[in-house]
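Structure first, commentary second.
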Amino acid sequence: MATHYCPGCHHGIIHRLVAEVIDELGVRDKAIGVASVGCSVLAYEYFTIDMFQAAHGRAPAVATGIKRVHSDATVFTYQGDGDLAAIGCGEIVHAAARGEKITTIFVNNAIYGMTGGQMAPTTLVNQVTTTSPYGRNLENSGMPIRISEMLSTIDGAKFIARVAVNNPTNMSKAKQAIKRAFEIQLRGEGFTMVEILSTCPTNWGKSPVEAATWLEENLIPYYPLGIFKAPEEVVK
Amino acid sequence: MAEKILMKGNEAIGEAAIIAGCRHYFGYPITPQTELTEYMSKRMSNIGGVFVQAESEVAAINMVYGAAGAGARAMTSSSSPGISLKQEGISYIAGAELPCVIVNIMRGGPGLGSIQPSQCDYFQATKGGGHGDYRNIVLAPNSVQELADITVLSFELADEYRNPVMLLGDGALGQMMEPVDLTMIKTKNIVSKPWAATGLRGRKDPNIINSLHLKPENLEKHNIHLQEKYKEIRSKEVRYEAINTEDAELIMIAYGITSRIARSAMDMARNKGMKVGLLRPITLWPFPELVISKLAIRAQAFLTVELSAGQMVEDVRLAVNGAKPVYFYGRMGGMMPSPKEIYEQIVNIMYGKGGL
């Protein structure tokens, strides 16, 4: 289906993977999503499930309220890096610390998309954005935050993985990770998050193909893919 | 049978919320309302309810947004600086038309201010507070019994109008102990909420809880709808108490704890033969403006008494609309006026500089 996203943006792929997992797990009837501020603010238009639109950064708090009312629901937030790693850093850390039984889909493209390409906490050193026009400066702005590594130190976080959707193999791994995160939520074990490295061709100033290459050559080396934390799986 | 127990104001709010069917409380400690947060932490676990101590006031109000949007009767509470932090969330709740109860037990400001009673958040409570054209229903009780009664009413009005309701008290009301009868409180059944996002659960069309309307014509339509709702609330929900206003030459206007001090001053003046009355707004929004404008036909003057530099007095002046003089007396920073202090203002107005 056509989306409002720019050509080469990965949101459409990620939406599809999340939707497929919801259907494969048979939880569509009890799924509740929380769309956040940023390009994915309209995510609720692409899922046939009940959804909320939350203020910038507050999706984990909103999801907490929802899950505490409907403990049998499958609740997820869908957040970008500006939303989750900057203004919403407090909410995501404490949702994880409480072991909130929700799943966060964290789309990291190292830039603010909707506001037109400003520096994010995840912007790489020397990366040019509209608010780091000479490249992100370590002295002025510090190093980019590795959210998955940080959250995996929190006890309440039960599954933390970083994936990408830049090729079919990675898409398959991304879907497996999303599915596993939802399954762990369904088992009531605690907080789960899948970080998905993503492109922003428009604000990176690259073609979709160039953007995919830039992701492989720059983002993945700084943000390594893999599973940072997972529970001992139930032996069947 | 009536059964009065001695309770602290903050705790009476908590117990009344439970009677009203509130099972979801999200809060953060701040003086002078902390007893309410503590009370909910104790009681919610006894009755199978949900208590979450949020990491911030910002998170707490957004948990309320989630719970209210998911169909629950949800509440949060705080005091002035904490309410400032909640304003973003309150604007979203108003925009998404979610029912919830927000308790503000006011303290002195601006900034960190003090922990003493104050009424300096009147503007913030009644004029919006957060961004956008919206209104909260604002209720101002003046006793521990009324704190309880109005807590229940707050949940009912919130559900009826799908609107945030703010219970506006102050540090004195929150901290004082008075006999309260909770057995007499009647509650309406919780209304069904077909709009709530609960998971589809067999429903065909998704429910979306949202305050985003990207097309200008859609957002204007939504705002017109909100303003129509506020107009209906203005016409139906004005509440006040009028004491000795029928023959009064001077009418005092005061709410909350201040109304009780003003009432003592009124009694002192009446004992000296002065015709003084008291109008106590119980709803600060909608404000009893029509009542005041009618009183302005016969009364000679008004005296607004507040624990602020003069906030409600602006609404009183709008209602009086220049027909009669409106005087103001206020204390700030947690200072409370004595009845004698207010009495002296009454004497000044009635007999000072040529009298009324």
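Protein sequences, first through last, are from chains A and B. Here the working numbering is used: the first residue of the first sequence is 105, the next is one more, and so on. Here the working numbering is used: the first residue of the second sequence is -10, the next is one more, and so on. Glycine included, C-beta positions come from ideal geometry on N, C-alpha and C.
If distances are taken between C-alpha atoms only, which option among B:M324, B:G319, B:Q300 comes closest to B:K116? Residue numbering aside, residue 116 of chain B sits at position 127 when the second sequence is read from its first letter. Looking at the Cα atoms, B:Q300 is the closest of the given residues.
Within the 8 Å Cβ cut-off, does A:H174 reach chain B? Position 70 of the first sequence, counting from 1, holds the residue named residue 174 of chain A. For A:H174, the nearest CB of chain B lies under 8 Å from its own CB, placing it at the interface with that chain.
Quick one: is A:M247 buried, meaning 16 or more other Cβ sit within 10 Å of its Cβ, or exposed? As a first step, residue 247 of chain A must be located in the first sequence, where it is residue number 143. When all chains shown are included, A:M247 counts as exposed.
Which one of A:F295, A:L242, A:G309 has the shortest CA to CA distance from A:I258? Taking the first sequence and counting its residues from 1, one reaches residue 258 of chain A at position 154. Selected option, being the one with the closest Cα: A:F295.
If the cut is a Cβ gap below 7 Å, which residues of chain B does A:E195 touch? Indexing the first sequence from 1 puts residue 195 of chain A at position 91. Chain B residues near A:E195: A48.
Rounded to whole angstroms, what's the CA-CA distance from B:I179 to B:A6? Just pull it up for me. Reading the second sequence from its first residue, position 190 is the one you call residue 179 of chain B. Reading the second sequence from its first residue, position 17 is the one you call residue 6 of chain B. Rounded to whole angstroms, the gap between the alpha carbons of B:I179 and B:A6 is 13 Å.
Is A:W318 helix, strand or coil when you go by DSSP? Sequence index remark: in the first sequence, residue 318 of chain A carries index 214 (1-based). Note: A:W318 maps to helix in three-state DSSP.
Using a C-beta to C-beta distance shorter than 9 Å, which residues of chain B count as neighbours of A:T296? The residue you call residue 296 of chain A lines up with position 192 of the first sequence. What A:T296 touches in chain B: nothing, since even the nearest Cβ is about 18 Å away.
Exposed or buried, which one is A:S302 when buried takes at least 16 other CB atoms within 10 Å? The residue given as residue 302 of chain A occupies position 198 in the first sequence. Burial call: buried.
Quick one: complete alpha helix (DSSP H) runs, 4+ long, within the stretch 91 to 121 of chain B? Complete alpha helix (DSSP H) runs here, min 4: 111 to 115.
Any beta strand (DSSP E) of 3 or more consecutive residues that is wholly inside the stretch 107 to 170 of chain A: 135 to 139, 154 to 157, all fully within the stretch 107 to 170 of chain A.
Amino acids of chain B, ordered along the chain, whose beta-carbon sits closer than 8 Å to that of A:Y148: Reading the first sequence from its first residue, position 44 is the one you call residue 148 of chain A. Ordered by position in chain B, the residues that pass the 8 Å Cβ test against A:Y148 are P195, I197, N199.
Can you find at least 3 beta carbon pairs, one from the stretch 30 to 49 of chain B and one from the stretch 170 to 178 of chain B, that sit closer than 8 Å? Touching, no, given that fewer than three Cβ pairs across the two stretches are closer than 8 Å.
Residues near B:Q216 by beta carbon distance below 8 Å, same chain, minus five either side: Here residue 216 of chain B refers to the residue found at position 227 when the second sequence is read from its first residue. Around B:Q216: D122.
Out of curiosity, what's the CA-to-CA distance linking B:Q113 and B:P99? Locating residue 113 of chain B in the second sequence gives position 124, where the first residue counts as 1. Locating residue 99 of chain B in the second sequence gives position 110, where the first residue counts as 1. Taking the straight line from one Cα to the other gives about 12 Å.
With 16 other Cβ atoms within 10 Å as the buried cut-off, status of B:M166: Residue numbering aside, residue 166 of chain B sits at position 177 when the second sequence is read from its first letter. With fewer than 16 other Cβ atoms within 10 Å, it is exposed.
When B:V227, B:A185, B:K261, B:G158 are compared against B:L268, the one with the closest alpha-carbon: Residue numbering aside, residue 268 of chain B sits at position 279 when the second sequence is read from its first letter. Selection B:V227, B:A185, B:K261, B:G158 evaluated against B:L268 yields B:V227 as nearest (Cα-Cα).
Are the beta-carbon atoms of A:V298 and A:V269 separated by less than 8 Å? Along the first sequence, one-based indexing puts residue 298 of chain A at 194. Along the first sequence, one-based indexing puts residue 269 of chain A at 165. Not in contact: A:V298 and A:V269 (Cβ atoms no closer than 8 Å).
Taking Cβ-Cβ distances shorter than 7 Å, what residues in chain C pair up with B:E44? Absent from the structure: chain C. Protein chains present are A and B.
Among the residues of its own chain, which have a CB less than 6 Å from the CB of A:H119, if the five just before and after it don't count? As a working mapping, residue 119 of chain A is identified with position 15 in the first sequence. So the list reads Y150, once near-sequence residues are dropped.
Coil, strand or helix - A:M223 by DSSP: Counted from its first residue, the first sequence places residue 223 of chain A at position 119. Coil, per DSSP.
For B:L279 and B:D304, the rounded distance between their alpha carbons: Taking the second sequence and counting its residues from 1, the one referred to as residue 304 of chain B is at position 315. Taking the second sequence and counting its residues from 1, the one referred to as residue 279 of chain B is at position 290. Spanning the two alpha carbons is a distance of roughly 11 Å.
Any beta carbon from chain B within less than 8 Å of A:K205's own beta carbon? The count along the first sequence starts at 1 and reaches residue 205 of chain A at position 101. No, no contact with chain B.
Which chain A residues are close to B:H13, counting only those with a beta carbon under 9 Å from its beta carbon? As a first step, residue 13 of chain B is located in the second sequence; it is residue number 24 there, counting from the start. Those are G169, R172, V173, listed as they occur along chain A.
CB contact flag (A:T178, B:M52, <8 Å): Position 74 of the first sequence, counted from the first residue, corresponds to residue 178 of chain A. Position 63 of the second sequence, counted from the first residue, corresponds to residue 52 of chain B. For A:T178 and B:M52, no; Cβs fall outside 8 Å.
Alpha carbon to alpha carbon, how far is B:M21 from B:I72? Residue numbering aside, residue 21 of chain B sits at position 32 when the second sequence is read from its first letter. Residue numbering aside, residue 72 of chain B sits at position 83 when the second sequence is read from its first letter. Residue identity differs from the one stated: residue 21 of chain B is Pro in this sequence, not Met. B:P21 and B:I72: Cα-Cα distance of roughly 13 Å.
Runs of 3 residues minimum, wholly inside the stretch 177 to 264 of chain B: which ones carry the beta strand (DSSP E) assignment? The stretch 177 to 264 of chain B contains these whole beta strand (DSSP E) runs: 229 to 232, 239 to 242.
For the candidate residues A:N307, A:P164, A:A278, A:Q289, whose alpha-carbon lies nearest to that of A:A189? Taking the first residue of the first sequence as 1, we reach residue 189 of chain A at position 85. Minimum Cα distance to A:A189 is reached at A:P164.
Name the chain A residues that come within less than 7 Å of B:V41, Cβ to Cβ? Along the second sequence, read from residue 1 onward, the residue named residue 41 of chain B stands at position 52. Near B:V41 (Cβ distances below 7 Å), the residues of chain A are T168, R172.
Counting only beta-carbon atoms, is A:F156 nearer than 8 Å to chain B? In the first sequence, the residue the question calls residue 156 of chain A occupies position 52. Yes, A:F156 lies at the interface with chain B (some Cβ there is under 8 Å from its Cβ).
Using a 10 Å radius around the Cβ and a threshold of 16 neighbouring Cβ atoms, would you call B:D138 buried or exposed? Residue numbering aside, residue 138 of chain B sits at position 149 when the second sequence is read from its first letter. Using a 10 angstroms sphere on the CB of B:D138, the tally of other CB atoms reaches 16 or more, which defines it as buried.
Are there any heavy atoms of the ligand ADP lying less than 7 Å away from the beta-carbon of B:I240, as far as the coordinates show? The ligand ADP is not part of the structure shown, which contains no ligands of any sort.
Identify the residues that DSSP records as bridge partners of B:P168: which are they? On the second sequence, residue 168 of chain B is found 179 positions in, with the first residue counted as 1. In DSSP, B:P168 forms a bridge with B:L(-5).
Nearest by alpha-carbon distance to B:G160: which of B:K313, B:R32, B:S132, B:I198 is it? The residue given as residue 160 of chain B occupies position 171 in the second sequence. Between B:G160 and the set B:K313, B:R32, B:S132, B:I198, the nearest pair of CA atoms involves B:S132.
Select from B:I82, B:K204, B:E44, B:V92 the residue whose C-alpha is nearest the C-alpha of B:Y150. Here the question's residue 150 of chain B lines up with position 161 in the second sequence. Looking at the Cα atoms, B:I82 is the closest of the given residues.
Rounded C-beta distance between A:P328 and A:G112? I'm assuming under 8 Å. Against the first sequence, residue 328 of chain A aligns to sequence position 224. Against the first sequence, residue 112 of chain A aligns to sequence position 8. Contact doesn't hold; Cβ gap of about 23 Å is too wide.
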